[in-house]
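Chemist: The end of the sequence shown is residue 287 by our numbering, with every number in the run present. Each residue gets a CB set at the ideal place from its N, CA and C atoms; glycine is no exception. Predicted model only: the values in this text are computed from it and were never measured.
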Amino acid sequence: MWRSELASERVRTGPLPLVGIPSYHLVLGRVSGWVTGGYALPDHYVSAVRRAGLRPVILPGHDPAPAEEVLDGLDGLLLAGGGDVDPGRYGADASEHVYGTDTERDDLEAGLVPAALALGLPTLAICRGLQVINVAFGGTLEQHLPDRLGLTHGDPVGGLSAWHPVRVEPGSRLGAAIGSTTLDRCTSHHHQGVDRLGEGLVPVAWTDDGLVEALEAPPGGPWMTAVQWHPEATAADDPAQQALFDAFAAEVSRSRTPERTPERPPERRGADARRASR
């Protein structure tokens with residue numbers, strides 16, 4: 010049913026909106042089990058974006074081009090999970106627990122965030138993505154939650170996840186997206202979290218232990234929502250988690266400008282119409 014509905018939507022609105030997702034640079038030892046060479050992205054992100062009616066565009070995690078050039082032709086931005094942000098970006102020395110740093114990806118994503126806002130592109134950020142946004146706005150991170158706060162939200166190095174509820178601020182974009190002020194079951198595997206909040210960012214969700222679990226841009230600007238847990242991991246079976254991607258997709262579609270909505274050749278329109286009618 011989903012595919013036939015999506016085909017019909019293509020006929021009505023033209024090509025699917027394009028969402029850029031920076032990828033992981035595969036380096037042996039950066040994350041357990043990775044080989045050296047190439048770029049990759051876990052398929053849960055791709056699947057959740059596709060279910061929402063968007064077309065994912067996987068971006069190399071290193072691109073020296075200006076951020077505006079990287080985003081050219083895209084309709085939205087999704088920042089995925091990954092290794093830790095280099096603590097040097099927020100003026101700190103790395104603790105012994107910091108893992109998987111990738112300064113080139115840090116540079117890319119830290120530039121994409123303000124560029125996407127300036128261009129009016131909706132942005133969804135997940136796990137590491139939330140931390141990238143907080144640092145990009147001048148915030149800092151707790152480098153190892155068990156050491157400083159006695160909290161355990163999973164072990165990314167060991168591949169262990171934690172499950173917990175999340176309390177959502179009424180009236181927030183996140184609350185509107187999921188249609189609720191609570192999420193009963195979220196999966197996390199992060200060992201870092203927000204310490205000092207980035208300038209202008211609004212916290213909109215927390216776990217019972219008080220850790221910030223979601224951030225948003227101030228009202229009135231482009232749609233930007235960042236969550237610390239991994240909604241993509243369970244979105245296929247949990248409508249509340251998929252709803253976040255659906256809300257992102259709605260904002261991406263709403264914000265498309267004529268210059269970012271290319272016209273399909275007549276032969277493609279006919280092919281899409283034939284597929285939709287099957």
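Quick check for students: name the residue ranges of the beta strand (DSSP E) that lie wholly in the stretch 72–109, counting only runs of 3 or more.
Modeler: Those beta strand (DSSP E) runs which fall completely within the stretch 72–109 and span 3+ residues are 85–88.
Chemist: Note down the Cα distance separating D217 from L35, rounded to an integer number of angstroms.
Modeler: Straight-line Cα distance between these residues: approximately 35 angstroms.
Chemist: If you measure between the beta carbons of A125 and L86, is that distance less than 7 angstroms?
Modeler: Yes, Cβ-Cβ distance for A125 and L86 is below 7 angstroms.
Chemist: Give the secondary structure of H200 by DSSP, where H, G and I count as helix, E and B as strand, and everything else as coil.
Modeler: H200 falls in the coil class under three-state DSSP.
Chemist: Between L88, S262 and A244, which has its C-alpha nearest A134's C-alpha?
Modeler: Here the closest residue by C-alpha is L88.
Chemist: Taking the runs of the alpha helix (DSSP H) that are 4 residues or longer, which of them lie wholly in the stretch 192–237?
Modeler: List check, alpha helix (DSSP H) in window: nothing returned.
Chemist: Is it buried or exposed for G109, if we count other Cβ within 10 angstroms and need 16 for buried?
Modeler: G109 should be labelled buried.
Chemist: Could you work out which residue in V141, E118, R98 and R59 is closest to P69 when comparing CA atoms only?
Modeler: Per the Cα distances, E118.
Chemist: On the CB-based measure, 16 or more other CB atoms within 10 Å of its CB, does E77 come out buried or exposed?
Modeler: When all chains shown are included, E77 counts as exposed.
Chemist: Check this for me: beta carbons of V211 and T190, under 7 angstroms apart or not?
Modeler: No, Cβ-Cβ distance for V211 and T190 is not below 7 angstroms.
Chemist: Would you decide whether D127 is buried or exposed? Buried here means 16 or more other CB atoms lie within 10 Å of its CB.
Modeler: It should be noted that the sequence gives Ala, not Asp, for residue 127. Exposed, since its Cβ has fewer than 16 Cβ neighbours within 10 Å.
Chemist: For A171 and C195, what's the separation of their Cα atoms in angstroms?
Modeler: Cα-Cα distance, rounded: 8 angstroms.
Chemist: How about P240 and L224: are their beta carbons less than 7 angstroms apart?
Modeler: No, the Cβ-Cβ distance between P240 and L224 is not below 7 angstroms.
Chemist: Within its chain, find whatever has a CB closer than 7 angstroms to the CB of D93; leave out the 5 residues flanking it on each side and keep chain order.
Modeler: Answer for D93: V107, Y108, G109, T110 and Q201, listed in chain order.
Chemist: Please state whether the Cβ-Cβ distance between L192 and V175 is less than 7 angstroms.
Modeler: Cβ atoms of L192 and V175: closer than 7 angstroms.
Chemist: To the nearest angstrom, how far is it from the Cα of V122 to the Cα of I142?
Modeler: Their Cα atoms are separated by approximately 7 angstroms.
Chemist: Beta-carbon within less than 7 angstroms of S181's beta-carbon, same chain only, minus the 5 sequence neighbours each way: which residues are those?
Modeler: Hits under 7 angstroms: V213 and E225.
Chemist: Excluding the 5 residues preceding and the 5 following D156 in the sequence, name in chain order all residues of the same chain whose CB lies nearer than 8 angstroms to its CB.
Modeler: The residues are S104 and H106.
Chemist: Taking only three categories from DSSP, how would you classify L133?
Modeler: L133 falls in the strand class under three-state DSSP.
Chemist: Across which residues does DSSP place A171 in a beta bridge pair?
Modeler: S197, per the DSSP bridge assignment.
Chemist: Which value, in whole angstroms, describes the spacing of the CA atoms of H71 and E113?
Modeler: If you take the alpha carbons of H71 and E113, they lie about 5 angstroms apart.
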